[in-house]
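A short worksheet on the structure shown next.
See below:
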């Protein structure tokens, strides 16, 4: 029954987005969602690098057996934030490239939602199956988006940072997908000096992705993104390449679990059932008790 409700929500969201934007979504694919402010530390770029890797695999073998997935991005960048605008441009050009290739689009699709706002959020949270919360560990101040996904039954895929830590404590590590460097490991890398080129030179998967960025999408090269990751001053400041392998491998584990929809829906239900901890009532009560030290007053 939970799976049926999720599917109905996906269909409803797909219909509304088609009416609003003309974008056609496949509700039979897995909805993998990252909607939030566009910022380097949020690492939408890491998400894109994985999609590019999947694209290269499908270009090499169009018959590759992978879970059909729709990658949905949404969010806005500050007006003068040039790097964030470049990331948005990369997402839209990648989406345009895939849209022109029906055989690939059947297996992976990329959508950037224009003018993401609360009205769209109210539809996308219930329709989401995977919630990407992949900020570099130690950089996430902790928002509430992951909690909104959680209460709607999406499984969190993320780093051990921000509210992901509290979510994992409430539901158990078996019901969340955690990957990548910890905050302490990031500090150690920074102390000894981070050279992303070392990861590139020794990793065929990263080489494949960088080559594809240089070649470009929909007629435009993104070699400036490659330079940002490898050779610019202070390259790859949020360590996308350092976390790349762990990110890919954790998705393989998630793909295996997704094939067993009963098991997947069990995990979804555990997320929903344990979301009460994140209610504003509980948070305000604890503030009153432990921080403000104020008593209830009858009105």
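In the working numbering, the protein residues as written are 26 to 324.
Glycine included, C-beta positions come from ideal geometry on N, C-alpha and C.
Predicted model only: the values in this text are computed from it and were never measured.
Between residue 82 and residue 89, the CB-CB gap stays under 8 Å.
In this structure, the CA atom of residue 246 is about 20 Å from the CA atom of residue 85. Residues of the same chain with a CB within less than 6 Å of the CB of residue 151, apart from the 5 flanking positions on each side, are 34 and 177 in chain order. Taken in chain order, the complete alpha helix (DSSP H) segments of 4 residues or longer contained in the stretch 178 to 260 are 188 to 196, 208 to 217, 221 to 226, 229 to 240 and 248 to 255.
Taking C-beta atoms as the reference points, residue 98 and residue 69 count as a pair closer than 8 Å. The residues 224, 225, 266 and 269, in chain order, have a CB closer than 7 Å to that of residue 231 in the same chain once the five nearest residues on each side in sequence are set aside. Burial check for residue 200: the Cβ neighbour count within 10 Å reaches 16 or more, so the residue is buried. The C-beta distance from residue 227 to residue 238 rounds to 18 Å, too long to fall under 8 Å, and the pair is not in contact. A residue is called buried when at least 16 other Cβ atoms come within 10 angstroms of its Cβ; residue 289 meets this threshold and is buried. Nearest C-alpha to residue 281 among 299, 207, 136 and 202: 202. Straight through space, the alpha carbons of residue 131 and residue 274 are spaced by roughly 22 Å.
For residue 30, the secondary structure class from DSSP, reduced to helix, strand or coil, is helix. Assignment of residue 274 by DSSP, reduced to helix, strand and coil, places it in the helix class.
Here residue 261 has 221 and 254 as same chain residues with Cβ atoms under 6 Å from its own Cβ, once five neighbours each way along the sequence are excluded. CA-to-CA, the gap between residue 144 and residue 77 works out to about 30 Å. Only residues of its own chain outside the window of five on either side were considered, and among them none has a CB closer than 7 Å to the CB of residue 244. In summary, residue 118 is buried, with 16 or more beta-carbon neighbours lying within 10 Å of its beta-carbon over all protein chains present.
Excluding five sequence positions before and after residue 157, the CB atoms of its chain that fall closer than 8 Å to its own CB belong to 57, 58, 59, 72, 182 and 183, given in chain order. Taking a C-beta distance under 8 Å as the contact criterion, residue 65 and residue 263 qualify as a contact pair. The residues 28, in chain order, have a CB closer than 8 Å to that of residue 286 in the same chain once the five nearest residues on each side in sequence are set aside.
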